[in-house]
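Chains as they are written, first to last, in this note's numbering: chain A, 1 to 336; chain B, 337 to 901. Backbone N, C-alpha and C define an ideal beta-carbon position, used for all residues, glycine too. Below: one structure, written as structure tokens.
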């Protein structure tokens, strides 16, 4: 951990923040209700494109956890999702026609909003298909968690992405608006993940699950990263580097213990794999706005048309957070 | 009015008010200390809210910061006021604003009336307590701590190091022996007033002002001077995590707290509505009596500390990624590795499954494929049989497999034809039982129908790989249970080693092996080795095999199947 490298990362962080400021010019206000945000409120940040069908349940789920305000960026949806959000009492929404790719997959837009509105708040950054699960989430609201993190002087909380999928063909059961997607995509891979440490940013690099097994079996190193740090007690000097996989300053990436113990952690249930994916994959292929030349979507499109079943006989059916903890996918650490 | 409450409050004033009303309603006078860092407006709102209660007092305010003298000073001021203003008080109970009475207050009063001379305060000499944080135990009393641990951590640490370097030691005032214990006590008027009006109090105060966390040692030490009857335990339930911070109670702890044998719990999350509702009711509607079972509470919180500090052995996950040597068990469960056995015996895997009842895999690390039991395309935890994915992180492939199959012993074959990534990992893993028949890799070569020059090259390579692997197994870092036989030694008497291995891992209990695995016919193997030697390749790992001699008149003596008694 040289001084030079620390300094370099400091410059990088400043650069990302400048870039966020510049990219903020692409954002147009649809509804700004941020004056409602009170001290200590829990905030959700999200970018989306044509996710109208998922929005009602997304809002319901996070309202139930005790989120006070949603700050969303609508990247040029044409399905009415932006207007739906603009009519919600606890949502502020910005619209942009800017390029998803050149805003580094939404990170720049959200960094800007976070710098502006999230300072000194707990900020949860999730996509509309990600559902945050934390220890005791069935009995304790989310501010129990954030109060505890505050009391322990912990500033960031890790939650790896857990890909959920249905049994059978993806298009077998259509998803309907307002439905809990876990009812359809209720299966996951319990124990086939690979963990490496990123020596530059100090985060863990996690891969595996059905996406590696099904879409990248011959090139596993290309499988998407599953490590995420979605919940951060935001400070205006922070900046996400690449999605919510890593953040600067890099001390925030140390959401794992290196001396044998377990820190508390959660899971993001990722419900991408529904019948809606095939339409989405076709569209994203045409737009080419995703990470690494959208190779993920190319793989989806190929595999899904050929053999659209991600389920195998060792798949595990989701019950609750305690199950995930027993399986070793998350931990309550010393929170009891 | 025999019990008075000393209450320290610094936040969650609405909850504190509820608790004050609860104490007061049961006839206990309350003296409240509010942290001086609390804003004036908040303070005066709190005072106004409690105006209607006649036996509630507010004492002089001190700035309270964790680990510093302020908390002790606050306790002193409030205690003095309690003793002076409420002459009937016999016991003073120290509580905080986030403490919650678990049992009807009358029970506490009755309990203390029956023990009028007993002081309830946890007080142990420093040598005897394990709960010190930051490596500071005795040094709490012999160094000076003018800096805040929370706000001025760097200065705090540096000043400690500086004092250590120069061997600085404070003198402990004469007549006292440092004791430590929970901050929350219940003392009799006699003891408490004796401590507060001690002629030497100025000396003690000056000393404790620079002790670290004096609220855990001031009263705990001085009580030893005056008390006639100390019961060294706290009537307040408080559990601490590995950093010395109190665990917080939530709604889902309700049933657990009902089983506590303590009178008060600390500390409760201010928004735990159900807890406040359930416990802050009058005696009639209060909880049904349940048999106290404090052990259960202890276990839950001890487990939490253990999970945070030691974790679950054999687990690698997003919030547990131990450095080498700090894994507390690299793998989750014992497993067995067999090297050379499947080369030497026909259908060895089936035989092993039958005789041990374990899960027996083929060559999990084979270069052509991952041979799971029954040659399935995936296995427990949805581990794929794809070799690229296995080799992407071979060590964690093994760790994942052992974690996913906890409770069921796994066996697999290994050899020089396999990918060797895990060679050192298994050698260093105490959970591994590794049995090697060295040189048995030559048998498949011997049986194969290939050009001899290819065979020779292949044999040389495999011998080199196996010899490197054996170096790992024989190194001083190896911690596995390792047995190595040369092939020549093994076939002399194969049943004995097999019996030993099987006895160690069998889940069916000890019994004699009833069936031997069928060994491959080795007629001509000696000559095969000799041919290799003649080609300039020196096979040595299998031990010495006699070349079948020149034809003689002796009858051919076919190898007998091994007899089992």
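Per-residue DSSP class, three states only, for residue i
i, result
"residue 901 of chain B", "With a pLDDT of 49 at residue 901 of chain B, under the threshold of 50, the modelled position of this residue cannot be trusted, and the question is left open."
"residue 870 of chain B", "helix"
"residue 100 of chain A", "coil"
"residue 265 of chain A", "strand"
"residue 568 of chain B", "coil"
"residue 396 of chain B", "coil"
"residue 855 of chain B", "strand"
"residue 515 of chain B", "strand"
"residue 270 of chain A", "strand"
"residue 170 of chain A", "coil"
"residue 114 of chain A", "helix"
"residue 759 of chain B", "helix"
Rounded straight-line distance, which links the Cα of residue j to that of residue i
i, j, result
"residue 543 of chain B", "residue 507 of chain B", "9 Å"
"residue 767 of chain B", "residue 184 of chain A", "40 Å"
"residue 278 of chain A", "residue 136 of chain A", "35 Å"
"residue 207 of chain A", "residue 69 of chain A", "31 Å"
"residue 664 of chain B", "residue 323 of chain A", "23 Å"
"residue 325 of chain A", "residue 435 of chain B", "30 Å"
"residue 802 of chain B", "residue 141 of chain A", "57 Å"
"residue 504 of chain B", "residue 200 of chain A", "41 Å"
"residue 373 of chain B", "residue 609 of chain B", "27 Å"
"residue 227 of chain A", "residue 655 of chain B", "10 Å"
"residue 432 of chain B", "residue 599 of chain B", "13 Å"
"residue 232 of chain A", "residue 202 of chain A", "16 Å"
"residue 265 of chain A", "residue 303 of chain A", "32 Å"
"residue 756 of chain B", "residue 75 of chain A", "49 Å"
"residue 720 of chain B", "residue 191 of chain A", "10 Å"
"residue 527 of chain B", "residue 534 of chain B", "10 Å"
Beta carbon of residue i nearer than 8 Å to that of residue j
i, j, result
"residue 643 of chain B", "residue 331 of chain A", "yes"
"residue 823 of chain B", "residue 774 of chain B", "yes"
"residue 239 of chain A", "residue 16 of chain A", "yes"
"residue 261 of chain A", "residue 476 of chain B", "no"
"residue 77 of chain A", "residue 48 of chain A", "yes"
"residue 397 of chain B", "residue 421 of chain B", "no"
"residue 685 of chain B", "residue 702 of chain B", "no"
"residue 271 of chain A", "residue 181 of chain A", "yes"
"residue 282 of chain A", "residue 215 of chain A", "no"
"residue 63 of chain A", "residue 249 of chain A", "no"
"residue 221 of chain A", "residue 728 of chain B", "yes"
"residue 667 of chain B", "residue 725 of chain B", "no"
Close-in-space but distant-in-sequence residues of the same chain around residue i (CB under 6 Å, 5 per side omitted)
i, result
"residue 369 of chain B", "344, 395, 410 and 414"
"residue 236 of chain A", "115 and 119"
"residue 65 of chain A", "142"
"residue 819 of chain B", "771"
"residue 439 of chain B", "599"
"residue 122 of chain A", "42, 146 and 233"
Sequence-distant residues of the same chain with beta carbon closer than 8 Å to residue i, five excluded per side
i, result
"residue 582 of chain B", "574, 575, 576, 602 and 603"
"residue 827 of chain B", "680, 855 and 858"
"residue 560 of chain B", "459, 512, 513, 515 and 566"
"residue 168 of chain A", "309 and 311"
Contacting residues, own chain, Cβ-Cβ under 7 Å from residue i (five flanking each side not counted)
i, result
"residue 386 of chain B", "353, 356 and 392"
"residue 795 of chain B", "778, 781, 868, 873 and 875"
"residue 211 of chain A", "163, 223 and 224"
"residue 243 of chain A", "105 and 107"
"residue 230 of chain A", "124, 125, 126, 132, 159, 244 and 268"
"residue 294 of chain A", "284, 285 and 288"
"residue 744 of chain B", "695"
* Quick one, which residues of the segment 262-291 of chain A are near chain B if we go by CB-CB under 8 Å, in chain order? -> Along the segment 262-291 of chain A, the positions whose C-beta sits under 8 Å from a C-beta of chain B are 262, 263, 264 and 265, read in chain order.
* Could you list the residues in the segment 150-171 of chain A with a C-beta less than 7 Å from some C-beta on chain B, going in chain order? => Listed by position, the residues of the segment 150-171 of chain A near chain B (Cβ gap below 7 Å) are 151, 152, 158 and 160.
* Residues from the segment 638-670 of chain B in contact with chain A, defined by Cβ distance under 8 Å -> Answer in chain order: 639, 640, 641, 643, 644, 645, 646, 647, 648, 651, 652, 653, 654, 655, 656, 657, 658, 659, 662, 663 and 664.
* Select from the segment 200-211 of chain A all residues with a C-beta closer than 7 Å to any C-beta belonging to chain B, and list them in chain order. => Hits within the stretch, in order: 204 and 206.
* Asked: Quick one, which residues of the segment 134-148 of chain A are near chain B if we go by CB-CB under 9 Å, in chain order?
  -> Residues of the segment 134-148 of chain A with a C-beta atom less than 9 Å from some C-beta of chain B are 136, 138, 139, 140, 141, 143, 144, 147 and 148, listed in chain order.
* To do: Using a Cβ-Cβ cut-off of less than 9 Å, give me the residues of the segment 220-236 of chain A that come near chain B, in sequence order.
  => Result list: 220, 221, 223, 226, 227 and 228.
* May I ask you to list, following chain order, the residues of the segment 725-750 of chain B that have a beta carbon less than 7 Å from some beta carbon of chain A? => Residues passing the 7 Å Cβ filter: 725, 728, 729, 732, 736, 739 and 740.
* Going along the segment 590-609 of chain B in order, which residues come within less than 9 Å of chain A, judged by CB to CB distance? -> For the segment 590-609 of chain B, the set of residues with a beta-carbon nearer than 9 Å to any beta-carbon of chain A comprises 605, 606, 607 and 608, in chain order.
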